[in-house]
Structure formats: C-alpha cells, structure tokens
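Inspection log for the structure reproduced underneath, given as structure tokens.
Numbering (the UniProt record's numbering), first residue to last: 1 to 385.
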C-alpha cells in the first residue's frame with residue numbers, strides 16, 4: 001500500500017513538472033505571469049536574473065503603452081507563444097536599437113527586476129536612490145563652419161540637496177525625454193540610467209521638422225523614475241540651429257510642358273488654317289535673363305518674364321519667406337534646350353542658389369515655356385530629383 005502511495009506521488013510530481021509552460025501564454029495577465037514564472041524556474045539562477053532583465057527591457061522599450069498595466073498587456077501580446085531564447089534575442093535587438101548598454105550574454109547588470117512588481121521590498125533595491133532633484137545639461141554637437149551645429153546631447157543627472165551628483169550603480173531607472181515646441185509635442189524617447197556616467201540622449205536636427213519648430217526653440221522635459229520618486233525637469237527655450245532642421249523637398253509640379261497640337265482632319269471645301277509662325281527667339285535666353293534678374297534681386301523683371309499660374313501674384317512670387325524673394329545669388333552651371341517644337345519648349349538648368357541667410361542649395365530645374373508674340377514666357381517650373 002505504501003508502495004502504491006509513493007508511485008502515486010511520483011506520478012503526480014512528474015505530471016506537475018510536465019505541465020510547466022515552456023512558452024509565453026499572453027491570453028491574460030494571470031496566464032502571462034504564470035507562464036513567465038514557469039519559464040524562469042527552469043533556468044539557472046543567473047539566467048533567471050538575465051531573463052527578468054530581458055523582460056524589463058522589452059516592457060520599457062519594446063512596446064508603446066501608457067502605464068504599467070497597459071505595458072504588461074501589450075508585452076503579453078508581443079511575447080505570446082515565444083520561448084526563452086526568442087525573448088533574449090528580442091531584448092538584445094531592442095537594447096541595441098535604443099543604445100542601451102545591455103546584452104543577454106553579459107553578467108546581470110540591472111539589479112533585481114520584476115515586471116509584475118515586488119510584493120515586498122527587498123533588502124537592497126538598486127533603484128531606491130536618495131536624490132533630491134534632477135538636472136539637465138545640454139551641449140552642442142559640432143558641425144562645419146557653414147552649417148553650424150548638427151544637434152544636441154541632453155544629459156540628465158540625479159542631484160542631492162546641495163546640487164551635487166548622486167553616486168549609485170547597478171540601477172535601471174526608466175528615463176523619458178519629451179521634445180516640444182510652441183506647446184506641441186514633437187517626439188518622445190526612452191533610455192535606462194544605470195549610473196552617473198549615463199550618456200543621455202542625442203537630438204539630431206536633421207530629424208526635427210522645421211515646420212513644427214517655433215522660432216527655432218524647443219522645450220525639453222526629462223522624467224526619471226526611482227523606486228519612491230518621480231523626478232522631472234523642464235528646460236524651456238533651448239535654441240536650435242534652424243538651418244540644420246529637416247525641410248521637406250518642394251512639391252514637384254506635374255503640369256505638362258509639351259503641348260501637342262490636335263490633328264485636323266481636312267474637309268472638302270474648308271480651308272485648313274495656317275500653322276502658327278515658329279518663334280525665332282531662343283528660349284534659353286529667356287531663362288538666362290530670368291535667373292539673372294533673380295540673382296540681382298530685380299524680381300519685377302523676372303516676374304514679367306513668366307506666365308506661370310502656380311506662382312500667383314507678384315507679391316507671392318517675391319515673398320522673402322515662401323517665394324523667390326529669399327534669393328541672394330544664382331550661379332548657373334549648365335543650361336540646355338532638350339525640346340523646342342510647336343511653339344513650346346523645355347529648358348533644363350543646373351545651378352547653385354544662395355539665400356539671404358547664406359545657405360547654398362544645388363538645383364536641377366526644368367522650365368517649361370510657350371511662345372507669346374514672337375517671344376517666350378515661362379509657364380511651368382519643375383525641380384528634378
């Protein structure tokens with residue numbers, strides 16, 4: 001009888017072990033936590049720590065959600081059906097993408113991590129840091145003498161009551177940076193602060209849309225979460241290099257520049273109208289004079305050489321912000337006439353245009369022209385890629 005009892009207990013133990021989950025069940029929060037616990041318990045002690053670190057990396061940086069509850073739900077959906085090795089691989093990829101100094105093959109570095117929250121405080125919590133405030137330090141990323149700074153490096157630091165840096169190590173403090181301008185949020189970035197040598201965030205001007213930056217200034221808000229505190233600091237009116245901000249290319253004008261005359265079927269007794277006389281002027285000269293007038297700021301003469309409805313009125317054409325009024329100088333490199341037939345023509349020009357801020361841009365433009373009174377008028381303008 002005692003033998004049967006032992007056999008029963010052994011079978012029950014085997015059944016219990018075999019029921020342990022080897023992949024994530026993200027169907028509910030309870031199932032998710034149970035499957036994670038089962039998977040962790042099958043790992044060696046150090047691997048369990050790294051497994052929890054991987055889950056923390058994915059929860060913090062691998063999903064887009066607001067608040068712990070929403071992040072856990074999103075993480076469950078992301079990892080549903082995944083095995084341990086797949087989770088480590090995903091965490092490595094997310095850490096590399098976000099510039100976090102973490103690897104699944106490195107020794108434990110983030111302390112005790114539990115994405116579901118600790119029921120009781122541990123004896124030593126590496127994220128329980130006694131900091132009084134948060135400081136934000138900004139420095140420029142050097143560029144060349146023409147374009148100026150290429151961006152900013154934002155470094156947050158934990159400070160004590162005297163304003164000195166707090167010394168700590170082995171932490172995993174979720175650090176969030178928000179960029180806004182004129183009251184409108186532009187971007188949000190996350191990272192982990194593990195010690196006072198935290199390198200912070202990099203803002204490249206080429207990633208900031210110029211149309212969203214108000215008066216070439218941004219506001220920077222940084223939030224750092226410790227175990228007991230939520231530290232925030234806002235730095236307003238940080239100047240940026242407006243010339244280096246991202247500006248989308250101008251829209252391509254798609255109206256046709258090659259006007260074909262319709263075929264006329266001859267009818268008996270009806271005289272076929274004579275074809276219009278071919279203009280003798282050179283369309284290249286019209287475009288050359290147009291660019292020369294722009295370069296010398298003679299915008300009225302340049303405007304009179306055109307009949308382009310897309311340029312609108314003279315005031316719109318010569319506007320210093322949205323029109324040709326910003327042109328300071330034009331240096332023509334090459335000009336050619338690939339098409340000239342039936343009183344319509346195309347003129348291709350490559351040139352460097354310098355605006356009043358000193359910024360030089362190389363352009364390849366196709367001008368469409370039509371014949372008017374034995375002369376040419378510019379009717380279309382297309383910037384080629």
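Positions of the beta carbon are idealized from the N, C-alpha and C atoms, including for glycine.
Inset, instruction - Would you check if the region 333 to 350 and the region 315 to 325 touch, i.e. whether three or more CB-CB distances between them fall below 8 Å? - result: no
Inset, instruction - Compute the beta-carbon to beta-carbon distance between residue 288 and residue 369, rounded to the nearest angstrom, for a pair I have assumed lies under 8 Å. - result: Position 288 of the chain shown holds residue 288. Position 369 of the chain shown holds residue 369. Their Cβ separation, rounded to whole angstroms, is 12 Å, which puts residue 288 and residue 369 out of contact at 8 Å.
Legend entry - Three CB pairs or more closer than 8 Å across the region 194 to 203 and the region 164 to 173: yes
Legend entry - Rounded separation between residue 212 and residue 25 - CA only: By one-based count along the chain shown, residue 212 stands at place 212. By one-based count along the chain shown, residue 25 stands at place 25. Roughly 42 Å separates the two Cα atoms.
Legend entry - Beta-carbon contacts of residue 225 that lie in its chain and below 7 Å, excluding the five residues immediately before and after: On the chain shown, residue 225 is found 225 positions in, with the first residue counted as 1. Excluding sequence neighbours, residue 225 sits near 173, 174.
Inset, instruction - For the region 71 to 83 and the region 124 to 134, state whether three or more C-beta atom pairs, one from each stretch, are separated by less than 8 Å. - result: no
Inset, instruction - Could you tell me which residues DSSP pairs with residue 393 in its beta bridges? - result: The structure shown does not extend to residue 393, since the chain is modelled only from 1 to 385, so the question has no answer here.
Inset, instruction - Could you tell me if residue 106 is buried or exposed, where buried requires 16 or more neighbouring beta carbons within 10 angstroms of its beta carbon? - result: Counted from its first residue, the chain shown places residue 106 at position 106. Looking at its Cβ environment, which holds fewer than 16 other Cβ atoms inside 10 Å, residue 106 is exposed.
Legend entry - Within 8 Å, strictly: CB atoms of residue 306 and residue 377: As a working note, residue 306 is residue 306 in the chain shown. As a working note, residue 377 is residue 377 in the chain shown. It is a contact, given that the beta carbons lie within the stated cut-off.
Legend entry - Residues near residue 234 in its chain [Cβ-Cβ closer than 6 Å; skip 5 each side]: Here residue 234 refers to the residue found at position 234 of the chain shown. Correct list, in chain order: 221.
Inset, instruction - Return the first residue and the last residue of the alpha helix (DSSP H) that residue 303 is part of. - result: Reading the chain shown from its first residue, position 303 is the one you call residue 303. From DSSP, the alpha helix (DSSP H) with residue 303 extends over 299 to 304.
Legend entry - Straight-line gap, residue 260 to residue 380 (C-alpha atoms, nearest Å): The residue given as residue 260 occupies position 260 in the chain shown. The residue given as residue 380 occupies position 380 in the chain shown. The predicted model places residue 260 with a pLDDT of 47, which falls under 50 and marks its position as unreliable; any figure quoted below should be read in that light. Their backbone Cα atoms lie some 16 Å apart in a straight line.
Legend entry - Length of the line joining the Cα atoms of residue 355 and residue 297: Walking along the chain shown from the start, residue 355 turns up at place 355. Walking along the chain shown from the start, residue 297 turns up at place 297. The straight-line gap from Cα to Cα measures roughly 11 Å.
Legend entry - One or two residues paired with residue 163 in a DSSP bridge: Taking the first residue of the chain shown as position 1, residue 163 is located at position 163. Paired residues: none, contrary to the question.
Legend entry - From 40, 136, 345, residue whose alpha carbon lies closest to that of residue 163: For the purposes of this step, residue 163 is taken as residue 163 along the chain shown, with counting starting at 1. Answer by Cα proximity: 136.
Inset, instruction - Assign residue 20 to one of two classes, buried (16 or more other C-beta atoms within 10 Å of its C-beta) or exposed (fewer than that). - result: Position 20 of the chain shown, counted from the start, is the residue given in the question as residue 20. It is exposed - the Cβ of residue 20 has fewer than 16 other Cβ atoms within 10 Å.
Legend entry - Chain-order list of residues whose beta-carbon lies under 7 Å from that of residue 205 (same chain, five-residue window excluded): Along the chain shown, one-based indexing puts residue 205 at 205. Taken in chain order, the residues that qualify are 150, 151, 240, 241, 244, 245.
Legend entry - Identity of the residues DSSP links to residue 135 by a beta bridge: Residue 135 sits at position 135 when you count from the first residue of the chain shown. Residue 135 is bridged to 157.
Legend entry - Beta-carbon contacts of residue 143 that lie in its chain and below 6 Å, excluding the five residues immediately before and after: On the chain shown, position 143 is the one that residue 143 refers to. Within the same chain, residue 143 has close Cβ partners 149, 150.
Inset, instruction - State the beta-bridge partners of residue 56 as determined by DSSP. - result: Translated into positions along the chain shown, residue 56 becomes position 56. Bridge partners of residue 56: none, in fact.
Inset, instruction - Reducing DSSP to helix, strand and coil, say where residue 88 ends up. - result: Numbered from 1 along the chain shown, position 88 holds the residue referred to as residue 88. Helix.
Inset, instruction - Grab me the residues of residue 103's own chain with a C-beta within less than 8 Å of its C-beta, minus the 5 sequence neighbours each way, in chain order. - result: Here residue 103 is taken as the residue at index 103 of the chain shown, counted from 1. Taken in chain order, the residues that qualify are 92, 95.
Legend entry - Straight-line gap, residue 387 to residue 332 (C-alpha atoms, nearest Å): Absent from the model: residue 387. The displayed extent of the chain is 1 to 385, so no value can be given.
Legend entry - Local conformation of residue 389 per DSSP, three classes: For residue 389 there is no data in the structure shown, the boundaries of the chain being 1 and 385.
Inset, instruction - Identify which residue in 208, 215, 281, 115 has its Cα closest to the Cα of residue 248. - result: In the chain shown, counting from the first residue as 1, residue 248 sits at position 248. Of 208, 215, 281, 115, the residue nearest in Cα terms is 208.
Legend entry - Close Cβ partners of residue 77 (< 8 Å) along its chain, the five nearest in sequence each way excluded: Taking the first residue of the chain shown as 1, we reach residue 77 at position 77. These residues qualify, in order along the chain: 26.
Inset, instruction - Report yes if the CB atom of residue 187 is closer than 8 Å to the CB atom of residue 219, and no otherwise. - result: Translated into the one-based positions of the chain shown, residue 187 becomes position 187. Translated into the one-based positions of the chain shown, residue 219 becomes position 219. No. Outside cutoff.
Legend entry - Where the alpha helix (DSSP H) through residue 31 begins and ends: As a first step, residue 31 must be located in the chain shown, where it is residue number 31. Counting along the chain, the alpha helix (DSSP H) containing residue 31 begins and ends at 29 to 41.
Legend entry - Given residue 291 as reference, the closest of 282, 314, 329 once Cα atoms are compared: Working through the chain shown from its first residue, we reach residue 291 at position 291. Among 282, 314, 329, the Cα nearest to that of residue 291 belongs to 329.
Inset, instruction - Please go through the same chain and pick out, in chain order, the residues whose beta-carbon is closer than 6 Å to the beta-carbon of residue 194, but skip the five residues on each side of it. - result: Looking up residue 194 in the chain shown gives position 194. 171.
Inset, instruction - Can you have a look at residue 258 and say buried or exposed, based on whether 16 or more other CB atoms are within 10 angstroms of its CB? - result: To locate residue 258, count along the chain shown from 1; it is residue 258. Model confidence at residue 258 stands at a pLDDT of 45, short of 50, so the residue's coordinates are unreliable and nothing is read from them.
Inset, instruction - Leaving aside the five residues before and after residue 157 along the sequence, list all residues of the same chain whose C-beta is less than 6 Å from its C-beta, in chain order. - result: One-based indexing of the chain shown puts residue 157 at position 157. Taken in chain order, the residues that qualify are 135, 165.
Inset, instruction - List the DSSP bridge partners of residue 83. - result: In the chain shown, residue 83 corresponds to position 83, counting from 1. According to DSSP, residue 83 bridges with 23.
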